[in-house]
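Read in order, the letters of the sequence shown correspond to residues 5 to 380 in our numbering.
Yeah, the Cβ is synthetic: ideal placement off N, Cα and C, and Gly gets one too.
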Amino acid sequence: MNFDLTPEQKEIQRLARQFATEQILPRAAEWDRNETYPAEMVQAAADLGLLNIGIPEEYGGLGLGMLEEALIGEELGYACMGFDTIILASDLAVVPLKLAGTDEQKKRFFPGLVKGLGAFCLSEADNGSDAAAMKTKAEFVGDEIVVNGTKMWITNGGVCSTYVVLCRTEHAQGHLGTVCVVVPGDAPGVSHNKLHGKMGQRCSYTAEVIFENVRVPKSNMLGGIGDGFKIAMKTLDRTRITVAAGSLGVARRALDESVKYARTRHAFGAPISNLQAIQFKLADMKMGLDTSRLQTHYAAWLVDNDRPHAQASAIAKCRASDVAFSAAAEAIQVHGGYGYMNDFPVEKLLRDVKLNQIYEGTNEIQRVVVARSLLR
Ligand code: CAA
């Protein structure tokens, strides 16, 4: 067993860390306050090669693996979980193409995703966890598919080059009637409403996306009729690792901020880092961070080595986001009253990372996935 990163992986980690700490971290609080979508920085990340890194080289991408994604995710999450989501949730459009796209489809759609964001349209206003109950319709008319429906809470909706849309057809009930359709971001009939008032991750662009008589060629369907739900599930089995990775970044930041503060803040005549009550919090944060990172990298390794990974990825996502939420809450506690104010970065960590316990399948759904794999 070898826990070393390769020289290439170390270089990617260094590049992502430098970009995150120099370009993202200093701006994150302001983006959060003003709900600013940082378009220029997204472009900068793409230019640096941090976006959609899993696109194979033969289609113009870097052809990197899930472990490299996890390394980037941790660094971006450290600086700003909202920015991390913009970049890493884009993968939700890349993975279905990798899993189910034909060579012709990859040639057509990957180039637009090398520098452009993707968005994954699964959730709807009335269905989140029960993903198979989607209502957005796909009708086959001649050589075209006509898409009608409204998707909800779509990360990068409205600012992406490519949508991957999960739809229902008349062909069969339940998941057997679902399809997965690629829709260009600028297709006529696609519109969106930006969602305001999010608790955290406020720089990431989240939208309701409306598809009104959107016509795309039949050849935009990934897989066949009835494959949509399974493509979505297999996609999430991979991308949940990126949520785990961002959570590691948040947990590491919570720990670093707590150590820094505990060393400088004095109480009872000495730094509060002398108090066991504080030391135990720091130790618990470190234990959670290191064990979650092991699980996250293990799940990524399984993907990169073509091994079954659904259970490991659900464990990583659930554990890392729970650990990060608790680390952020404890970081506020270490900071006392200051931690509750937005002059210090720790309250933002808590608001941001709450979403990691919800999106890409709530942590209750992750437990369902793990339990089903045990009992099957
Ligand atoms: N891989 C392959 N096939 C799978 C699968 C997987 N991981 N999971 C299920 N399937 C197959 C099953 O084998 C079954 O196939 P057969 O009928 O051929 O046997 C079929 O799919 C239906 O499976 P289930 O009966 O288990 O499906 P279910 O309706 O009970 O749902 C669920 C299972 C795990 C609860 C699923 O609905 C789920 O994961 N829900 C959460 C949805 C989710 O994660 N949403 C996130 C939205 S994306 C997002 O947040 C993005 C963002 O913007 C950041």
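Length of the line joining the Cα atoms of P11 and V185: Numbered from 1 along the sequence shown, position 7 holds the residue referred to as residue 11. Numbered from 1 along the sequence shown, position 181 holds the residue referred to as residue 185. The alpha-carbon of P11 is positioned some 38 angstroms away from that of V185.
- prompt: What is the rounded straight-line gap between the Cα of T300 and the Cα of G340?
  reply: Locating residue 300 in the sequence shown gives position 296, counting from the first residue. Locating residue 340 in the sequence shown gives position 336, counting from the first residue. Per the coordinates, the alpha-carbon of T300 lies some 31 angstroms from the alpha-carbon of G340.
- prompt: CB of W305 to nearest heavy atom of the ligand CAA: below 7 angstroms?
  reply: The residue labelled residue 305 in the question sits at position 301 within the sequence shown. No, the ligand CAA has no heavy atom inside 7 angstroms of this Cβ.
message: Less than 7 angstroms separating the Cβ of G365 from some heavy atom of the ligand CAA?
response: Here residue 365 refers to the residue found at position 361 of the sequence shown. For G365, the shortest C-beta to heavy atom distance toward the ligand CAA is below 7 angstroms.
- request: Measure the alpha-carbon distance for G86 versus R257 and round it to whole angstroms.
  value: The sequence position of residue 86 within the sequence shown is 82, counting from 1. The sequence position of residue 257 within the sequence shown is 253, counting from 1. Their Cα atoms are separated by approximately 14 angstroms.
field: Endpoints, beta strand (DSSP E) assigned at R323
entry: Residue mapping note: residue 323 aligns to position 319 of the sequence shown, counting from 1. Segment 314–339 is the alpha helix (DSSP H) holding R323; no beta strand (DSSP E) there.
field: E44 classed as buried or exposed, judged by whether at least 16 other C-beta atoms fall within 10 angstroms
entry: Locating residue 44 in the sequence shown gives position 40, counting from the first residue. When all chains shown are included, E44 counts as exposed.
query: Which value, in whole angstroms, describes the spacing of the CA atoms of D288 and W35?
result: If you number the sequence shown from 1, residue 288 lands on position 284. If you number the sequence shown from 1, residue 35 lands on position 31. Roughly 30 angstroms between the two C-alpha positions.
message: Can you check which of these residues, I276, S296, D95, L101, is closest to V254 by C-alpha distance?
response: The residue you call residue 254 lines up with position 250 of the sequence shown. The shortest Cα separation from V254 among I276, S296, D95, L101 belongs to S296.
- request: Return yes when at least one heavy atom of the ligand CAA lies under 7 angstroms from the C-beta of G132, else no.
  value: As a first step, residue 132 must be located in the sequence shown, where it is residue number 128. Yes, the ligand CAA has a heavy atom inside 7 angstroms of this Cβ.
- request: Output the boundary residues of the beta strand (DSSP E) element that contains G86.
  value: Mapped onto the sequence shown, residue 86 falls at position 82. Per DSSP, G86 is not a residue of any beta strand (DSSP E); the alpha helix (DSSP H) it occupies stretches across 85–92.
query: Cα-Cα, which of G204, H270, A375, E212 is closest to Y355?
result: In the sequence shown, residue 355 corresponds to position 351, counting from 1. For clarity, residue 355 is Arg in the given sequence; the question names Tyr instead. Cα-wise, what sits closest to R355 is G204.
- prompt: What is the DSSP secondary structure of R380, reduced to helix, strand or coil?
  reply: Position 376 of the sequence shown, counting from 1, holds the residue named residue 380. If DSSP states are grouped into helix, strand and coil, R380 belongs with coil.
message: Between A136, V187, D326, which has its C-alpha nearest M225's C-alpha?
response: For this step, residue 225 is matched to residue 221 along the sequence shown. In terms of CA proximity to M225, V187 leads the group A136, V187, D326.
- request: For T268, count neighbouring C-beta atoms within 10 Å of its own C-beta (all shown protein chains included) and say buried if the count is 16 or more, exposed if not.
  value: As a working mapping, residue 268 is identified with position 264 in the sequence shown. Result: exposed.
query: At a cut-off of 7 angstroms, is T300 close to the ligand CAA when judged by its beta-carbon and the heavy atoms of the ligand?
result: Sequence index remark: in the sequence shown, residue 300 carries index 296 (1-based). Every heavy atom of the ligand CAA is 7 angstroms or more from the Cβ of T300, so no.
message: Short of 6 angstroms in beta carbon distance, which residues of its chain neighbour L306, apart from the five on each side in sequence? Order them along the chain.
response: Locating residue 306 in the sequence shown gives position 302, counting from the first residue. Once the five neighbours on either side are set aside, the close Cβ partners of L306 are H313, A316.
query: Which residue spans inside the region 16–45 form an unbroken alpha helix (DSSP H) run of at least 4?
result: 29–38, all fully within the region 16–45.
message: To test your reading of the DSSP string, which unbroken alpha helix (DSSP H) runs of 4 or more residues are found completely within the region 192–277?
response: Counting only runs of 4 or more, we get 232–268.
query: By Cβ distance below 8 angstroms, which residues in the same chain neighbour T154 in space, the five residues on each side in sequence not counted?
result: Here residue 154 refers to the residue found at position 150 when the sequence shown is read from its first residue. E128, A129, T140, E212, V213, I214, F215, listed in sequence order.
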